[in-house]
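Peer 1:
2 protein chains.
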Amino acid sequence: MVTMQDVARASGVSVMTVSNVINGRNVSPETRGRVLEAIDTLGYRVNLAARNLRKGRTGTIGLAVPEVDSPYFAQLAARIITHAEAAGFRVAIEQTGLSREKELTTLAQSRNYQYDGVILSVVGLGKEDAALLQVDFPAVILGERIFDGPLDHLAMANVEGARAATEHLLGAGRRRIAMIAEVEAEPDSGVASLRFHGYRDALLGAGIAVDPDLVVAPRNVTMPAGRDAVRELLDRGHDIDAVFCLTDTLAIGAMRGLADAGLRVPDDVMVIGFDDIIEARFTIPSLSTVDPGHDFMARTAVEMLIERIERKGTAGPPREVISPARVVARESTRPAADRA
Amino acid sequence: MVTMQDVARASGVSVMTVSNVINGRNVSPETRGRVLEAIDTLGYRVNLAARNLRKGRTGTIGLAVPEVDSPYFAQLAARIITHAEAAGFRVAIEQTGLSREKELTTLAQSRNYQYDGVILSVVGLGKEDAALLQVDFPAVILGERIFDGPLDHLAMANVEGARAATEHLLGAGRRRIAMIAEVEAEPDSGVASLRFHGYRDALLGAGIAVDPDLVVAPRNVTMPAGRDAVRELLDRGHDIDAVFCLTDTLAIGAMRGLADAGLRVPDDVMVIGFDDIIEARFTIPSLSTVDPGHDFMARTAVEMLIERIERKGTAGPPREVISPARVVARESTRPAADRA
DNA sequence: AGATCGCGATGTAACGTTAAAGTCGCTGAC
DNA sequence: GTCAGCGACTTTAACGTTACATCGCGATCT
Numbered sequence: 053m054v055t056m057q058d059v060a061r062a063s064g065v066s067v068m069t070v071s072n073v074i075n076g077r078n079v080s081p082e083t084r085g086r087v088l089e090a091i092d093t094l095g096y097r098v099n100l101a102a103r104n105l106r107k108g109r110t111g112t113i114g115l116a117v118p119e120v121d122s123p124y125f126a127q128l129a130a131r132i133i134t135h136a137e138a139a140g141f142r143v144a145i146e147q148t149g150l151s152r153e154k155e156l157t158t159l160a161q162s163r164n165y166q167y168d169g170v171i172l173s174v175v176g177l178g179k180e181d182a183a184l185l186q187v188d189f190p191a192v193i194l195g196e197r198i199f200d201g202p203l204d205h206l207a208m209a210n211v212e213g214a215r216a217a218t219e220h221l222l223g224a225g226r227r228r229i230a231m232i233a234e235v236e237a238e239p240d241s242g243v244a245s246l247r248f249h250g251y252r253d254a255l256l257g258a259g260i261a262v263d264p265d266l267v268v269a270p271r272n273v274t275m276p277a278g279r280d281a282v283r284e285l286l287d288r289g290h291d292i293d294a295v296f297c298l299t300d301t302l303a304i305g306a307m308r309g310l311a312d313a314g315l316r317v318p319d320d321v322m323v324i325g326f327d328d329i330i331e332a333r334f335t336i337p338s339l340s341t342v343d344p345g346h347d348f349m350a351r352t353a354v355e356m357l358i359e360r361i362e363r364k365g366t367a368g369p370p371r372e373v374i375s376p377a378r379v380v381a382r383e384s385t386r387p388a389a390d391r392a
Numbered sequence: 053m054v055t056m057q058d059v060a061r062a063s064g065v066s067v068m069t070v071s072n073v074i075n076g077r078n079v080s081p082e083t084r085g086r087v088l089e090a091i092d093t094l095g096y097r098v099n100l101a102a103r104n105l106r107k108g109r110t111g112t113i114g115l116a117v118p119e120v121d122s123p124y125f126a127q128l129a130a131r132i133i134t135h136a137e138a139a140g141f142r143v144a145i146e147q148t149g150l151s152r153e154k155e156l157t158t159l160a161q162s163r164n165y166q167y168d169g170v171i172l173s174v175v176g177l178g179k180e181d182a183a184l185l186q187v188d189f190p191a192v193i194l195g196e197r198i199f200d201g202p203l204d205h206l207a208m209a210n211v212e213g214a215r216a217a218t219e220h221l222l223g224a225g226r227r228r229i230a231m232i233a234e235v236e237a238e239p240d241s242g243v244a245s246l247r248f249h250g251y252r253d254a255l256l257g258a259g260i261a262v263d264p265d266l267v268v269a270p271r272n273v274t275m276p277a278g279r280d281a282v283r284e285l286l287d288r289g290h291d292i293d294a295v296f297c298l299t300d301t302l303a304i305g306a307m308r309g310l311a312d313a314g315l316r317v318p319d320d321v322m323v324i325g326f327d328d329i330i331e332a333r334f335t336i337p338s339l340s341t342v343d344p345g346h347d348f349m350a351r352t353a354v355e356m357l358i359e360r361i362e363r364k365g366t367a368g369p370p371r372e373v374i375s376p377a378r379v380v381a382r383e384s385t386r387p388a389a390d391r392a
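Protein chains in written order, with the working numbering: chain Y, 53 to 392; chain S, 53 to 392.
(1) Show which residues of chain S have a CB atom less than 8 Å away from the CB atom of I133(Y).
(2) Kindly indicate which three-state DSSP category M53(S) falls into: helix, strand or coil?
(3) Give the secondary structure of T341(Y) by DSSP, where H, G and I count as helix, E and B as strand, and everything else as coil.
(4) Rounded to whole angstroms, what's the CA-CA distance from G250(S) to L222(S)? Just pull it up for me.
(5) Give me the Cα-Cα distance between A392(S) and S340(S), rounded to the nearest whole angstrom.
(6) Look at the alpha carbon of A377(S) and the alpha carbon of T352(S), and state the distance between them as a whole number of angstroms.
(7) Quick one: complete beta strand (DSSP E) runs, 3+ long, within the region 265-346 of chain Y?
(8) For the beta strand (DSSP E) that A233(S) lies in, which residues bound it at each end?
(9) Beta-carbon within less than 7 Å of K154(S)'s beta-carbon, same chain only, minus the 5 sequence neighbours each way: which residues are those?
(10) Thinking just about the alpha-carbon of each residue, which of R308(S), G345(S), I171(S), Q127(S) is nearest to the one in E359(S)?
(11) Measuring only between beta-carbons, confirm whether P276(S) sits less than 9 Å from chain Y.
(12) For A42(S), return the contacting residues in chain Y, with the cut-off set at a CB-CB distance below 8 Å.
(13) Can you list, in chain order, the residues of its chain whose CB lies under 6 Å from that of R386(S), leaving out five sequence neighbours each side?
(14) Measure from the alpha carbon of V141(S) to the alpha carbon of each residue in D293(S), S151(S), T110(S), Q166(S), then state which is nearest.
(15) With a Cβ-Cβ cutoff of 9 Å, do G257(S) and E219(S) count as a contact?
(16) Considering only the alpha carbon of each residue, which of D280(Y), A224(Y), A217(Y) lies closest to R252(Y)?
(17) Restricting to Cα atoms, I'd like to know which of I361(S), P123(S), A191(S), R279(S) is closest to H346(S).
(18) Suppose the cutoff is 6 Å on Cβ atoms and the five residues either side in sequence are ignored; what does the same chain contact list for A381(S) look like?
(19) Closer than 9 Å, CB to CB, is A129(S) near chain Y or not?
(20) Spatial neighbours of V59(S) within its chain, please: CB distance less than 7 Å, with the 5 preceding and 5 following residues excluded, ordered by chain position.
(21) For S66(S), which residues of its own chain have a beta-carbon under 7 Å away from its beta-carbon, when the five flanking residues on both sides are left out?
(22) I'd like to know if A126(Y) contacts chain S, where contact means its C-beta is closer than 9 Å to some C-beta of that chain.
(23) Please work out which residues of its chain come closer than 8 Å, Cβ to Cβ, to T158(Y), disregarding the five sequence neighbours upstream and downstream, and give them in chain order.
(24) What is the C-beta distance between V342(S) and G213(S), in whole angstroms, given that I count them as a contact (C-beta under 8 Å)?
(25) From the DSSP secondary-structure annotation, give me the bridge partner or partners of G169(Y).
(26) P202(S) and D168(S) look like a contact to me (Cβ under 8 Å); what is the Cβ gap, rounded to whole Å?
(27) Rounded to the nearest angstrom, how far is the Cβ of M349(Y) from that of L194(Y), given a contact under 8 Å?
(28) Around the Cβ of P81(Y), are there at least 16 other Cβ atoms within 10 angstroms (buried) or fewer (exposed)?
(29) Between G225(Y), M208(Y), A244(Y), which has its C-alpha nearest A294(Y)'s C-alpha?
(30) What residues in its chain sit with their C-beta under 8 Å from that of A62(Y), if we drop five residues either side in the sequence?
(31) Tell me the DSSP bridge mates of M208(S)?
(32) Out of D204(Y), A244(Y), G76(Y), which has the shortest C-alpha to C-alpha gap to F296(Y)?
(33) Do you know how far the Cα of I329(Y) is from the Cα of D121(Y)?
(34) Using CA atoms only, rank isn't needed, just tell me which of E331(S), A254(S), Q127(S), V268(S) is closest to V282(S).
(35) According to the Cβ coordinates, are L310(S) and Q166(Y) closer than 9 Å?
(36) Here's the rule I'm using: 16 or more other beta-carbon atoms within 10 Å means buried, otherwise exposed. How should N272(Y) be labelled?
Following this line, the structure appears as structure tokens:
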């Protein structure tokens, strides 16, 4: 391995001068030239482990997600990696597998100095775990369930996004609007409750009462669950003209369920999802959805984290940022007039 | 920061003994107990930067994929992370964005990014770049284009898998079997050519000539491209009874295209893909496909890499491993007899 | 009895970098 | 003529860990 020593010897200066050249500090042009040349011919590369030890940094941030192979998280990870890379950080991914324990240990182990900071995408932790998040370590929480926690928190505009989605359906003249989501007993804690809130607000705003019979719980958040939820909805004998789905995955399943029942999307029943995963652009018909500001979230999460890291600690009060959501209208909610 | 020094002082032993306790070396039970207790009360954590500097290791391996947000690569990454984690390594992901340059720089930069090794999933590099891969650094190449390179190489059984897929269709009594794939001019270099090879072999084996008109090139490897490829196939006026698609993504699009044309899958036209992405289980009908031994690949890639790392260098000749492929029969190729 | 061994424990010297505190010679202000 | 100030460079001392050599001591072998 070529070290600064070797470069220093080869160019007749001290190691410190080599360090200065590399870190762009005051060095005369001639010296800098000689050093750079030596670096080039010897093929010197700085040893990050040594630099990290000395500087107390690793240049790596941890990203904990439930699983990288679900579209939503894969796409989130891709964006975060891109932003972090631009800021000079590498991203190591940990999978927490939807488990509360793994989420906690990931956070706890992170200070193990392997990461400069962590972005933790939370699904298992709840408000009651806020105390456990009390770590003196740069961290940003992505998720919906924890408010007033001790760490920076970045959430989606769930209520507003859901309201806008529902209003979009209302604006297209639909009135019998179903929702596929498991609304939890404990109010306002999970994503589902928040989005249901927006759905309800929109309906009430249009003078329509929420019919509990039009809200159906899928058994999980997969495509088949979405399809089956639609079947149940239809079996109940209701004459629906639109469905708002908790996520795009459910929505894609729901569209299939509607097709199975001989209903056309959007003519008979409009469908809208939430998340704006890439797949939503590729379904036929393409799926209208709510973009939860993916890019804003990825960028902001990385920025917030890096700011904490730069300040060497968790100095400053925890911040709460809400990413703006926006309806993306595609074919699955296109009014008849628009189609030739 | 709590260091070994602190622990040593607190338990009345030398730093070296603390190190020995942590690394599970010969220490008497009593001493070990005292040290562990001190570690516990002080909340000591080993500093990986220091350990890495000393050991010349980082415990992190790099995984370079074109993009994490495409299902195939996301699922590959998830598996590799799982296996690496089990072996005590973290995985940092880099996105090469389908570019040959980024693939090369990732490999070149790896040793100063302080990865212990890299798994490089290659799409842009070709045989002609083999010389550029001449690095003295633990690396494993995943991909189809590079043979006889200087690095360990792990490939899929493309020809065999494609042959088996086609034979599966033949076995179900189909004879007019189309293929959706862009077969390159230069033979046998890319995935498409290799899979076409298998398709041709199977047909010839059954005494059927390859009809070039039944092989259609999609404009890329997305769902819409698959749908349009099917349309073109049908527009050509052929009476096909099965389609073998280069990838599952194309196959999912193809199924949609067939549905648009009023053809039933599998009754009128059977469809089979390649890759066994998770989505294939969730389409309706579920998609038959070829499992390219994802789990074998992930496990083997990690094992091969770790072995190189353990041997401290690239000692030993490059190895070439082919992952076995296996047809996964689902609804999209189910014979009529099986369905009630 | 003396040599040898093994075990537990220790002391020392790095690993390659950078922060901090000099050193040295030169310029320019008073 | 003196000296503060500055730029360019060097010296020194870590950062926290582990490899290696060594040491004391009781047990085992010849």
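Glycine included, each C-beta is placed from N, C-alpha and C at the ideal position.
As the structure is a prediction and not an experimental result, all values here were calculated from the model.
Peer 2: A quick look at the data gives this:
(1) V120, I145, E146, Q147
(2) coil
(3) strand
(4) 13 Å
(5) Confidence at A392(S) is low in this model, with a pLDDT of 44, below 50, so the placement of that residue should be treated as unreliable; the coordinate-derived value is given next. The straight-line gap from Cα to Cα measures roughly 19 Å.
(6) 14 Å
(7) 294-297, 322-324, 341-343
(8) Neither: A233(S) is in no beta strand (DSSP E) and is coded neither H nor E.
(9) T148
(10) I171(S)
(11) yes
(12) With chain S represented from 53 up to 392, any question about residue 42(S) goes unanswered, as that position is not in the structure.
(13) P318
(14) Here residue 141(S) is Phe; the residue named in the question, Val, does not match the sequence. Cα-wise, what sits closest to F141(S) is T110(S).
(15) yes
(16) A217(Y)
(17) P123(S)
(18) S340
(19) yes
(20) V70, V87, A90, I91, L94, Y96
(21) A60
(22) yes
(23) G114, A116, E146, T148, V170, L172
(24) 4 Å
(25) I113(Y)
(26) That pair is no contact at about 19 Å.
(27) 7 Å
(28) exposed
(29) G225(Y)
(30) A90, T93, L94
(31) S375(S)
(32) A244(Y)
(33) 13 Å
(34) V268(S)
(35) no
(36) exposed
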